[in-house]
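Presented below is the structure to which this report refers.
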Amino acid sequence: MPTSLGKSLSNLMKRILFSKRLDKKEVESFIKELQRVLLQADVSVELVKKISDNLRKKCLETKPPPGLTLREHLIKTLYEELVELLGKEPSSLIGKRRIMLIGLFGSGKTTTAGKLAKYLQKQGLKPALVACDYHRPAAPDQLKQIGEQIGIPVHVNKDKDPFKAAKEGMEKFKQMDSIIFDTAGRNALDKELADELKKLGRIINPDEVLLVIPADIGKVGGKQAEEFNKLVGITGVVITKMDGTARGGGALAACAATGAKVKFLGTGERLDDLEVYDPIRFVSRLIGFGDLQALMEKAREAEIKEEDVKKIVEGSFTLADFYKQIEAMQKMGPLDQLAQMIPGLGYTLPQDILQIQEEKMKKWKAIIQSMTPEERENPSIINKSRIERIAKGSGTKESEVRELLRQFEKMKKLIKSMGGIKGLKRGAFQKVLKRFGFKM
Amino acid sequence: MFSLLKKKLSEVAKKLTGKAKEKEVKKKEVKKAERVKREKEKTVKKKPKLIEKIVRKVTVKKLDENDVLPILQDLELSLVEADVAFETAEKIKKNLVNELVGKEIRRGKEKEVVLNAIKKTLLKILDVPSIDLVKMVRGKKKQGKPFVILFLGYNGSGKTTSMAKLVHFLKKKGFSCVFAAADTFRAASIEQLEEHARKLGIKVIKHRYGADPAAVVFDAIKHAEANRIDVVLADTAGRTHANRNLMDELKKIVRVNKPDLKVLVIDSLTGNDAVEQAKMFDEAVGVDAVMFTKVDVNEKGGAILSVTHTIKKPILFLGTGQGYEDLEIFEKEKFVKDLIS
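Keeping their order, the protein sequence lines are chains Z and V. 117 is the number that the working numbering gives to position 116 of the first sequence; each next residue is one higher, with no gaps. 144 is the number that the working numbering gives to position 148 of the second sequence; each next residue is one higher, with no gaps.
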């Protein structure tokens, strides 16, 4: 979220991560800034206090464990604190027979029911859906239409009775691997709706109860989660609408209040847009700055091999190598995620540029694929007619082919100069990548 | 004889000196008296000044940061706890600090003064021009044209339910209504609208799923014109303001149909993101009024304050329950009282 606050935090992170000396005063000011960021991400005041107290205790009052600098220790502790609340393990629904979805109005239960069914189907299981929401007009129709889209059976009770629907559904889908029950949205503090849910819980006797909460929910998330937990006992949390601009801090409160962990994230409006919860990615997003360590690891994975280095130093870097590099960068993940992982960069890069950049990389790959091996090894032979052919073959414009060639020459020069001066130290190539990838 | 004279003389002398002494004494006494008097006068003159000063010092003081900050920090936290966006709460705090520090007030009234200032500030934020929906609809009716209301908002904010409530309200005022099912994306959205329409006894103009929503609204307006229906209420698909394509689609609906009122529906349970949602919808198509929903779940609903602070648009209604009747007019005094209590 490109807010001024985000910028100020990212500057602070830069200071912390790249400062030569990280002393107690710096840590203290870091904690203060962090508090602001967490509050802005909808984390409750109480939790913010708890997290910052723990950080102080672990980072200031005790020495960092051997092998870790205070800086690393600070980042690590912060992650651990947040992951402790949100859950470490990616979860699995395999073996869960009866899955019940509960939540407030408009949190996205029905859509999530469809997404979960599709997810289970992809795992090779046979799921079924049961409509237990007869309050919201046309909610069963919605579930039916979703079922039709993905080819999953849906049971609806004709008398619009949620209890009968649950019973019939369990009988009808005995042979299925999993049954997902979509319940009505409700205010957990509303007596009538609470009683209905309790009764439904007794009938279904679910082995997984997922609380569905939207990422943009505020402080009310914690209180509601607590009430829901009292009614039926929550085993996990699904955070929906993660494709918006909200950071999902209300989820933290829900987890803290119930002890249940996040299991899935809804990331879009299509039924495929469901992600298994990944603590690193989620926590990064929550606090708005990336995980340097993960970036380093990923960068190392993508690092070039010894022989490539030689080639580069000798100036024989070819388009085939360039192709490999593009692939390596794509392996590191979508560019926006990558950018978020670089502290200080996450906020400065507008989404548009990243999107364009990503599209460009795809095109470049297609262009290189449309070249002959000879052209790839020796791009200087590419003349006008060859450009025409390559553009046609790759479905791109001639100007785009030319742009690629220009960029390739630029990169070749840049790499050569860096290789020559620094002897291509570890990480030097990453600098090139960064410059090349982000500064065009 | 001489002795007598001497005596007399000495007596005179004595008398004289005595008189002189006496005089001196008297003079001194007079001086003293005068001095005392002067001093008295001085003190008498001085006294009221001093008392005033002391009184002033005791009762009037300049507010400094130490008086103001603790109260305002508490305020900031309680606003944030009530889901007012952090950014908004911080701005409110900063403005109040600027306003209050250096202000002369009566001693012992610090808290009262600060609290009053807070109340005033919050009320001022909520003091946006109101809109008279009934009057607007009537005005359009006089021209013989239907009044077109477009509902927009994030997924699950409660657009469809709010529309149904508004139809209920408008029908009670004697207006005829029609729905435009312009959410052609979400599964069963049209059926949902049809069920409401059946209960409310009005018609739905619809196309297939996946159809162009701008065209649906267009047809509904044509239908209303032909059948002399007063109000067209158009439902749009819930969309995230972060998706450019969906926002472009919204822009097209507005461009083609030029609605009279664009109502942004915001879930009052939303936290900090409410500001972002309001800002981006307003930037994309221009919001005319806001409806906050689910206020019965969270009466504090700080989102109301942050959104109004951000886009300064009138609040049409609050949604306060599942029934068609559950529609309330926003009362800012009550809201502010609840918020800071």
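For each residue, glycine too, the CB sits at the ideal point set by N, CA and C.
Taking all protein chains in view, the Cβ of Glu72(V) is crowded by 16 or more other Cβ atoms within 10 Å, so the residue is classified as buried. Shown in chain order are the members of the region 162 to 189 of chain Z whose Cβ falls below 7 angstroms from a Cβ of chain V: Asn188. By the C-beta density criterion, Leu190(Z) is exposed, having fewer than 16 other C-beta atoms within 10 angstroms.
Glu272(V) is the residue among Gly98(V), Glu272(V), Gly149(V), Leu257(V) whose C-alpha sits nearest the C-alpha of Glu83(V).
Just measuring C-alpha positions, the residue of Arg137(Z), Asp178(Z), Leu272(Z), Ile153(Z) sitting nearest Ala185(Z) is Arg137(Z). When secondary structure is reduced to three states using DSSP, Pro207(Z) falls in the coil class, being assigned neither helix nor strand. Using a 10 angstroms sphere on the CB of Thr304(V), the tally of other CB atoms reaches 16 or more, which defines it as buried. Judged by beta-carbon spacing, Ala42(Z) lies beyond the 8 angstroms limit of Asn94(V), meaning their Cβ atoms are not closer than that value.
Shown here, Asp43(Z) sits in coil according to DSSP, grouped into three states, outside any helix or strand. Near chain V, meaning a CB-to-CB distance below 8 angstroms, the residues of the region 29 to 48 of chain Z are Arg37, Leu40, Gln41, Ala42, Asp43, Ser45, Val46. Listed as beta-bridge partners of Lys258(V) by DSSP are Leu146(V). When 9 angstroms is used as the limit between beta carbons, Asp244(Z) is near these residues of chain V: Thr236, Ala238, Asn239, in chain order. A Cβ-Cβ separation of about 5 angstroms places Phe313(V) in contact with Leu323(V) under the 8 angstroms criterion. Within chain Z, not a single residue places a beta-carbon under 8 angstroms from that of Ser158(V); the smallest gap is close to 11 angstroms. Assigned with DSSP and collapsed to three states, Thr236(V) falls in coil, not helix or strand. Secondary structure of Pro310(V) (DSSP, three-state): coil. Around the beta-carbon of Gly197(V), fewer than 16 other beta-carbon atoms lie within 10 Å, marking it exposed.
Cβ contact annotation for Gly154(V) (same chain, cutoff 7 angstroms, sequence separation greater than five): Val261, Asp263, Thr289, Lys290, Gly315, in chain order. Ranked by Cα distance from Lys110(Z), the options Gly170(Z), Ala140(Z), Gly245(Z), Ile95(Z) are led by Ala140(Z).
Leu118(V) and Thr306(V) have their C-alpha atoms some 13 angstroms from each other. For Asp278(V), the secondary structure class from DSSP, reduced to helix, strand or coil, is helix. With 16 or more other CB atoms across the displayed protein chains lying within 10 angstroms of its CB, Ser302(V) is buried. Shown here for Met362(Z): same chain residues with a beta carbon closer than 6 angstroms to its own, the five before and five after excluded, namely Ile327 in chain order. From the listed residues Lys220(Z), Gly88(Z), Val233(Z), Ala252(Z), the smallest Cα separation to Arg203(Z) is found for Val233(Z).
Ser337(V) is not bridged by DSSP to any residue. In its chain, beyond the 5 residues on either side, Thr113, Lys116, Leu117, Lys119, Tyr120, Phe265, Leu266, Gly267, Thr268 have a beta carbon closer than 8 angstroms to the beta carbon of Leu275(Z). Annotation: the continuous alpha helix (DSSP H) that includes Asp63(V) extends over 61 to 77. Taking C-beta atoms under 8 angstroms as the contact rule, Leu75(Z) and Val28(Z) qualify, at a distance of about 6 angstroms. Remark: C-beta atoms of Leu253(Z) and Val38(Z) do not approach each other more closely than 8 angstroms.
Contact of Ile240(Z) with chain V is not assigned, every C-beta pair being separated by 8 angstroms or more. Lys308(V) is a Cβ neighbour of Val124(V), given a cutoff of 8 angstroms. In the three-state DSSP reduction, Thr289(V) falls in the strand class (E or B).
For secondary structure counted as the alpha helix (DSSP H) over 4 or more consecutive residues, the region 105 to 132 of chain V holds these complete runs in sequence order: 106 to 122. The Cβ-Cβ distance between Asn253(V) and Val227(V) does not fall below 8 angstroms. Within the region 214 to 227 of chain Z, those residues whose Cβ lies closer than 7 angstroms to any Cβ of chain V are, in chain order, Pro215, Asp217, Ile218, Gly219, Lys220, Val221.
At least 8 angstroms separates the beta-carbon of Val110(V) from that of Leu122(V).
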